[in-house]
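Asks: Please find one structure pasted underneath; my questions will follow.
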Amino acid sequence: MEIIEDPTERIKENITHEAVHKSNEKNIMLYAITSAFYAILTATTGLLAGYYSNEAMIEQIKASDQWAYYQSKSIKMNIAESKLEILKSLKLKTDESTLHKVENYKLELASISSDAKEKESNSKLFLKKHVQFAKSVTLFQVAIGMTAFAILTRKRIFWYISMAFAFGGLYFFGLGLF
Numbered sequence: 009m010e011i012i013e014d015p016t017e018r019i020k021e022n023i024t025h026e027a028v029h030k031s032n033e034k035n036i037m038l039y040a041i042t043s044a045f046y047a048i049l050t051a052t053t054g055l056l057a058g059y060y061s062n063e064a065m066i067e068q069i070k071a072s073d074q075w076a077y078y079q080s081k082s083i084k085m086n087i088a089e090s091k092l093e094i095l096k097s098l099k100l101k102t103d104e105s106t107l108h109k110v111e112n113y114k115l116e117l118a119s120i121s122s123d124a125k126e127k128e129s130n131s132k133l134f135l136k137k138h139v140q141f142a143k144s145v146t147l148f149q150v151a152i153g154m155t156a157f158a159i160l161t162r163k164r165i166f167w168y169i170s171m172a173f174a175f176g177g178l179y180f181f182g183l184g185l186f
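Each position in the sequence shown, counted from 1, maps to that position plus 8 in my numbering.
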């Protein structure tokens with residue numbers, strides 16, 4: 009599995025540096041701890057987003073495989089039906105085994121189609137969850153950036169803004185879970 013580089017790594021380093029070297033200001037440590045909490049949420053949510061993206065792709069591949077299988081069975085059924093049509097047009101005796109094969113192909117096609125549609129549906133569900141978690145990751149990363157602004161500018165308003173983004177991230181996190 010490919011490891012995705014965290015784009016907020018440098019911001020986290022700056023926050024840690026500011027918190028350690030300028031911790032005489034009472035809010036700086038609070039901002040740094042908040043940012044660390046956001047980083048934990050970002051990492052966790054990023055893993056979930058990746059998981060659901062992979063599952064969506066796997067289910068879509070399985071659905072594609074089922075549709076290819078459906079096509080091969082459909083071709084076999086069409087060949088058998090053509091054979092029956094040729095025998096009928098030549099007024100020859102109908103081959104009972106071929107009639108039986110055609111009926112079996114029809115049953116198999118229905119089952120294969122149903123399975124493929126179910127896998128496509130699963131893929132869409134996984135992709136929907138991935139999108140919700142991806143939105144959550146983005147909002148948590150923005151929240152980390154806002155806490156960096158709060159630390160660097162010593163303005164509490166940026167910390168409040170970071171909390172608003174984090175709540176947005178939690179909202180999408182919850183949508184992804186359910």
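Where a beta carbon is used, it is the ideal one built from N, C-alpha and C, also for glycine.
Ends of the alpha helix (DSSP H) at L55?
Replies: Taking the sequence shown and counting its residues from 1, the one referred to as residue 55 is at position 47. First-last of the alpha helix (DSSP H) with L55: K34 to S97.
Asks: Given a cut-off of 8 angstroms, decide if I41 and Y78 are closer than it, judged by their beta-carbon atoms.
Replies: Along the sequence shown, read from residue 1 onward, the residue named residue 78 stands at position 70. Along the sequence shown, read from residue 1 onward, the residue named residue 41 stands at position 33. No, Cβ-Cβ distance for Y78 and I41 is not below 8 angstroms.
Asks: As a quick exercise: from H138, Y39 and I66, pick the residue whose alpha carbon is nearest that of L183.
Replies: What you label residue 183 is simply residue 175 of the sequence shown in a count that begins at 1. With distances taken between Cα atoms, L183 lies closest to H138.
Asks: What does the alpha-carbon distance come out to for the pair A47 and I152?
Replies: Your numbering for residue 47 matches position 39 in the sequence shown. Your numbering for residue 152 matches position 144 in the sequence shown. Their Cα atoms are separated by approximately 7 angstroms.
Asks: Using the beta-carbon count (16 or more within 10 Å), is L98 buried or exposed?
Replies: If you number the sequence shown from 1, residue 98 lands on position 90. Flag for L98 reads exposed.
Asks: Look at the Cβ atom of V110, then the Cβ atom of L135, and state whether they are nearer than 8 angstroms.
Replies: Your numbering for residue 110 matches position 102 in the sequence shown. Your numbering for residue 135 matches position 127 in the sequence shown. Contact flag unset, no.
Asks: Compute the beta-carbon to beta-carbon distance between F181 and S144, rounded to the nearest angstrom, for a pair I have assumed lies under 8 angstroms.
Replies: To locate residue 181, count along the sequence shown from 1; it is residue 173. To locate residue 144, count along the sequence shown from 1; it is residue 136. Yes, F181 and S144 are in contact; Cβ-Cβ is about 4 angstroms, under 8 angstroms.
Asks: Provide the residue span of the alpha helix (DSSP H) that contains F180, from first to last.
Replies: In the sequence shown, counting from the first residue as 1, residue 180 sits at position 172. Where F180 is concerned, the enclosing alpha helix (DSSP H) stretches over R164 to L185.
Asks: DSSP on L100, reduced to helix/strand/coil?
Replies: Along the sequence shown, read from residue 1 onward, the residue named residue 100 stands at position 92. Correct three-state label for L100: coil.
Asks: Since L117 and S90 are thought to touch, with beta carbons under 8 angstroms apart, how far apart are those beta carbons, to the nearest angstrom?
Replies: The residue labelled residue 117 in the question sits at position 109 within the sequence shown. The residue labelled residue 90 in the question sits at position 82 within the sequence shown. Actually they are not in contact, since the Cβ atoms of L117 and S90 sit about 16 angstroms apart, beyond 8 angstroms.
Asks: Roughly how many angstroms separate the alpha carbons of T102 and H108, rounded to a whole number?
Replies: Reading the sequence shown from its first residue, position 94 is the one you call residue 102. Reading the sequence shown from its first residue, position 100 is the one you call residue 108. Near 11 angstroms, if we compare the C-alpha coordinates of H108 and T102.
Asks: Tell whether a beta-carbon distance below 8 angstroms holds between G177 and F148.
Replies: The count along the sequence shown starts at 1 and reaches residue 177 at position 169. The count along the sequence shown starts at 1 and reaches residue 148 at position 140. Their beta carbons are under 8 angstroms apart, which means G177 touches F148 by this criterion.
Asks: Can you tell me whether S43 sits near the ligand SAM, meaning its C-beta is under 7 angstroms from at least one heavy atom of the ligand?
Replies: Inclusion of the ligand SAM in the displayed structure is not the case, the ligand content being empty and no account of it being possible.
Asks: Verify whether the separation of the beta carbon atoms of D123 and Q74 is less than 8 angstroms.
Replies: As a working mapping, residue 123 is identified with position 115 in the sequence shown. As a working mapping, residue 74 is identified with position 66 in the sequence shown. Yes, these two residues count as a Cβ contact at 8 angstroms.
Asks: Please name the residue, chosen from N112, E104, Y59 and K70, that lies closest to K84 on a Cα-to-Cα basis.
Replies: Working through the sequence shown from its first residue, we reach residue 84 at position 76. Residue N112 is the option with its Cα nearest to K84.
Asks: What residue from A64, I94 and I36 has the CA that sits closest to K193's CA?
Replies: There is no way to answer for residue 193, as the model of the chain reaches only from 9 to 186.
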